[in-house]
Amino acid sequence: MIKTTFLRSFAVIALFITTLAHAQLRVEIAGVGANQIPVAIAAFGDETLAPQQISAIIKADLQRSGFFKIIDTGGVLTENSQLNLADWKSRGADAIVVGSVSRLADGRFEVRYRLFDTVKGMQLSSLALASQPQFLRVSAHKVADDVYEKLTGIKGAFATRIAYVTKSAKEFRLEIADSDGEGTQVALRSNEPIISPSWSPDGTKVAYVSFENKKPVVYIQDLVSRKRTVAANFKGSNSAPSWAPDGNRLAVALSRDGLTQVFIVNADGTGLRRLSNSNGIDTEPQFSADGQSIFFTSDRSGGPQIYKMSANGGEARRVTFSGSYNISPRISPDGKYLAYISRREGKFQLFLLDLSNGQEQRLSDTVKDESPSFSPNSKYLMYATESGRRGTLAVVSVDGQVKQRLTTQAGDIREPTWGPFMK
Numbered sequence: 002m003i004k005t006t007f008l009r010s011f012a013v014i015a016l017f018i019t020t021l022a023h024a025q026l027r028v029e030i031a032g033v034g035a036n037q038i039p040v041a042i043a044a045f046g047d048e049t050l051a052p053q054q055i056s057a058i059i060k061a062d063l064q065r066s067g068f069f070k071i072i073d074t075g076g077v078l079t080e081n082s083q084l085n086l087a088d089w090k091s092r093g094a095d096a097i098v099v100g101s102v103s104r105l106a107d108g109r110f111e112v113r114y115r116l117f118d119t120v121k122g123m124q125l126s127s128l129a130l131a132s133q134p135q136f137l138r139v140s141a142h143k144v145a146d147d148v149y150e151k152l153t154g155i156k157g158a159f160a161t162r163i164a165y166v167t168k169s170a171k172e173f174r175l176e177i178a179d180s181d182g183e184g185t186q187v188a189l190r191s192n193e194p195i196i197s198p199s200w201s202p203d204g205t206k207v208a209y210v211s212f213e214n215k216k217p218v219v220y221i222q223d224l225v226s227r228k229r230t231v232a233a234n235f236k237g238s239n240s241a242p243s244w245a246p247d248g249n250r251l252a253v254a255l256s257r258d259g260l261t262q263v264f265i266v267n268a269d270g271t272g273l274r275r276l277s278n279s280n281g282i283d284t285e286p287q288f289s290a291d292g293q294s295i296f297f298t299s300d301r302s303g304g305p306q307i308y309k310m311s312a313n314g315g316e317a318r319r320v321t322f323s324g325s326y327n328i329s330p331r332i333s334p335d336g337k338y339l340a341y342i343s344r345r346e347g348k349f350q351l352f353l354l355d356l357s358n359g360q361e362q363r364l365s366d367t368v369k370d371e372s373p374s375f376s377p378n379s380k381y382l383m384y385a386t387e388s389g390r391r392g393t394l395a396v397v398s399v400d401g402q403v404k405q406r407l408t409t410q411a412g413d414i415r416e417p418t419w420g421p422f423m424k
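Just so you know, the sequence shown maps onto residues 2 to 424 in the working numbering.
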C-alpha cells in the first residue's frame with residue numbers, strides 16, 4: 002500500500018512571503034562520501050505534465066548528499082512497472098527508485114513512488130504525495146528524504162528550509178529557501194543591517210537582529226501571519242538570539258547593565274532574567290539540544306573561548322582549549338557535536354568538537370568562515386565564507402568528506418541558519 006501525505010506546513014508558510022525568482026542559489030559539489038550507495042533513479046511516468054521534473058530533483062538531492070552514486074535507467078519506469086530486480090543488481094544498482102506524476106481533479110498533482118532493494122529483492126518503501134503545483138519541489142524533496150532514510154537509516158533533511166541574509170547595493174534582505182537553495186523568498190527587506198537569524202523549533206518564525214533603529218534590536222518575524230514583534234529592545238545592545246527547544250523563550254546577549262552578558266527572555270519580550278555574571282564579555286548563547294544547558298562565547302579568560310553553563314545560570318565551565326580564539330558555538334540537534342569558528346595562523350575556519358571524547362576536527366579549507374549551522378539531522382553544517390571577495394555559503398558533512406558551495410549573483414550572502422524538520 003502506498004502511504005498518502007498532504008503538504009500543508011510549507012503551503013501555509015509560503016503564502017505569506019514574497020517570491021524572489023531571480024536570486025536562486027546555485028549548488029556546486031566539491032566532495033563526496035567515501036562509500037557511495039549505487040541507486041538507479043528512473044524518469045517518472047507522466048512527469049512532463051508537471052511544472053517540475055520530479056526525478057531530476059530527487060537525483061540532485063541524493064547526489065549532493067554525497068552518499069549516493071546515481072545510475073541512470075535510460076527511460077521511464079513507474080511504480081506499476083514490472084521490475085527484474087536481479088537484472089538491476091547486475092547493472093550495479095543496490096536500489097531502484099520508480100514512480101509517476103498525475104494531475105488530480107482539483108488541480109493538485111500527486112507524486113507516487115516506490116523504492117526497491119535489488120540486493121534483497123524486496124520493496125523498501127512507497128509514498129503518495131499530493132500538493133499544489135507550486136509545491137511539487139517539496140514532494141520531490143520528501144521522496145528523496147524517504148530514500149535517504151531507508152537506505153542509510155538516517156532521517157533525510159532535503160525537505161527543510163534555510164534562512165540567510167543577502168546584501169546588495171541598496172538593501173539587506175532576510176531570505177528563505179529550500180535546503181538546495183531553490184524557491185528563494187524574501188521575508189524582510191531593510192536599508193539597515195540584518196544579522197543573526199535563528200529559526201524557531203517549529204519552523205514558523207525567525208528571530209533576528211536589526212539595526213533599523215540605529216541600535217541592535219531583536220525581532221521575531223512570524224512567517225505564517227507575517228507579523229513582526231520585538232523580543233528584546235533594552236538599553237544598550239540586544240543581540241545573538243537563540244531559541245530554547247520549547248519555542249517559548251530566547252537566549253540573548255544584552256549590554257543593558259554594562260558589559261555584554263547572557264540573558265533569557267520570553268518570546269513576547271517579558272520575563273527577562275540574567276544568566277551570566279562575569280568580568281568579561283559573554284555573548285553568542287546557544288541552547289543545548291535538551292534545553293538544560295547553554296553554550297556561549299566569553300573572553301573572561303583572555304581571548305574568546307566557548308563555555309557551558311546551566312540554562313538556569315550559575316558557574317560556567319570552559320569547553321574549548323585548542324587555539325586562542327574560538328567563537329560562534331553551535332550544538333548539533335542530537336547533542337553529540339559542538340561546531341565553532343577558530344582563528345589559527347590568521348585563518349578563520351570551521352571546527353567540530355566531539356563532546357563525548359573531546360576530539361577536534363577541522364572541517365573547512367576556506368579562511369574567512371563564520372556563522373555555522375547544523376542540518377536538523379546533525380549530519381551536515383552550513384556556514385558562511387568568502388569567495389572572490391563575495392560572501393557565499395558552504396555545506397560540509399560532519400566527517401568532512403562531503404562539500405558543497407551555494408552561490409548567488411544577487412550580492413553578498415551571509416548569516417545562514419538551517420531550519421528544523423517540518424511537521
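Yeah, the Cβ is synthetic: ideal placement off N, Cα and C, and Gly gets one too.
Put simply, the backbone Cα of Gln306 is about 53 Å away from that of Val102. Closest option to Thr284, judged by alpha-carbon separation, among Leu260, Arg415, Asp269, Asn249: Leu260. The alpha-carbon separation between Tyr220 and Ile414 amounts to approximately 20 Å. If you look at Gln54, you'll find it isn't in any alpha helix (DSSP H); DSSP assigns it neither H nor E.
Under the DSSP definition of a beta bridge, Val218 partners with Ser211.
A direct Cα-to-Cα measurement between Ala57 and Phe322 gives close to 45 Å. Pairing Glu346 with Phe352 gives a Cβ-Cβ distance that is not under 8 Å. Assignment of Arg318 by DSSP, reduced to helix, strand and coil, places it in the strand class. Within the same chain, Lys309 come within 6 Å of Arg318 by CB-CB distance, once the 5 residues on both sides are set aside.
Distance from the CA atom of Phe68 to the CA atom of Val40, rounded to whole angstroms, is 10 Å.
In this structure the region 288–295 touches the region 324–333; the number of beta carbon pairs closer than 8 Å is three or more. In the DSSP secondary-structure assignment, Met123 is bridged to Asp118.
Pro39 has Lys70 as its beta-bridge partners, per DSSP.
In the structure shown, the three-state DSSP call for Glu346 is coil.
Boundaries for Thr230: no alpha helix (DSSP H) harbours it, while the beta strand (DSSP E) harbouring it runs 229–233, taken from the DSSP string. Annotated three-state conformation of Glu150 is helix, per DSSP. Residue burial is scored here from C-beta neighbours: Met123 has fewer than 16 other C-beta atoms within 10 angstroms and is therefore classed as exposed.
The beta carbons of Asp179 and Arg138 sit about 6 Å from each other, so the pair counts as a contact at 8 Å. Only exposed fits Arg275, as fewer than 16 other CB atoms lie within 10 angstroms of its CB. In the structure shown, Lys143 falls within a helical segment according to DSSP collapsed to helix, strand and coil. Boundaries of the beta strand (DSSP E) around Asp283: 283–288. Within the DSSP bridge table, the entry for Thr167 names Arg174, Ile414 as partners. One thing to note: Gly392 has its Cβ no nearer than 8 Å to the Cβ of Trp200. Going by DSSP, Ala94 is part of no beta strand (DSSP E) at all; its letter is neither H nor E. Here the alpha carbons of Asp107 and Ser294 stand approximately 49 Å from one another. Counting along the chain, Arg406 sits inside the beta strand (DSSP E) bounded by residues 404–408. Taking each of Val120, Leu251, Gly154 in turn and checking the Cα distance to Ser197, the smallest one comes out for Leu251.
DSSP, reduced to helix, strand and coil, places Glu48 within a helical segment of the structure shown. Proximity to Ala188 across Val166, Ala94, Ala170 peaks at Val166, based on C-alpha coordinates.
In the three-state reduction of the DSSP assignment, Pro202 falls in the coil class, being assigned neither a helical nor a strand state.
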